[in-house]
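Residue numbers (our numbering): 9 to 171.
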Amino acid sequence: MITIGIDPGIERVGIGVVQYRDSRLKLLDSKLIKTSSKDSVGKRLQIIYDELIEMLGSYTIAYASVEEIFFAKNVKTVINVAQARGVILLALEKSLIPVYEYTPLQVKQALSGYGRADKGMMQRMLRMIIGDEVAILQDDVADGIALAITHINTNRIYEKIKG
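Encoded structure:
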């Protein structure tokens with residue numbers, strides 16, 4: 009089973025593609041989609057959409073895990089992230105990939121057991137789960153990987169309960 013985790017943003021989108029097979033997690037791919045503030049919002053959204061569609065075509069993805077928007081004081085930031093999430097959700101829908109959404113608190117709780125874990129603690133947990141290659145990744149990409157792992161683990165628990 010392959011799951012893609014996506015940490016949305018207008019400036020940076022972090023993506024992690026994780027496979028769960030034979031009771032093991034394997035990082036298949038990761039990517040940071042960057043856009044320039046010099047470009048129009050429409051152009052930036054087009055870049056996010058195009059690069060994500062290209063990546064989605066490279067794997068047979070069973071599930072997508074996307075970070076939910078959290079409350080922020082800066083309204084403009086929330087609007088930009090919401091727009092980016094919109095094109096991300098559109099790309100996933102057009103690719104027929106079911107989407108599951110998690111808050112940052114849920115991801116931190118799922119990976120570290122502590123909902124208020126800092127970036128350093130999350131990086132250490134990812135290194136323990138995936139391996140040392142996570143140490144060299146940008147925070148947004150690490151967040152995308154963490155989102156994928158959160159869904160894989162949540163889905164495994166749900167399947168066990170379901171029987």
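Every residue, glycine too, gets a C-beta built ideally from N, C-alpha and C.
Inter-residue Cα distance where the pair is residue 61 and residue 108: 18 Å
For the segment 14–72, which segments carrying the beta strand (DSSP E) assignment without a break, of at least 3 residues, lie completely within its bounds, in sequence order? 20–29 and 32–42
Fully enclosed by the segment 91–157, which alpha helix (DSSP H) runs are 4 residues long or longer? 112–120 and 127–137
Can you tell me whether residue 44 is buried or exposed, with buried defined as 16 or more other CB within 10 angstroms of its CB? exposed
Any idea which residues DSSP pairs residue 89 with across the strands? The partner list for residue 89 (beta bridge, DSSP) is empty, contrary to what the question assumes.
Helix, strand or coil at residue 165 [DSSP, three-state]: helix
Under 8 Å, with one C-beta from each stretch per pair, do the segment 11–25 and the segment 152–160 reach the 3-pair mark? yes
Does the separation of the CB atoms of residue 149 and residue 40 fall below 8 Å? yes
Beta-bridge partners of residue 10, as assigned by DSSP: 27
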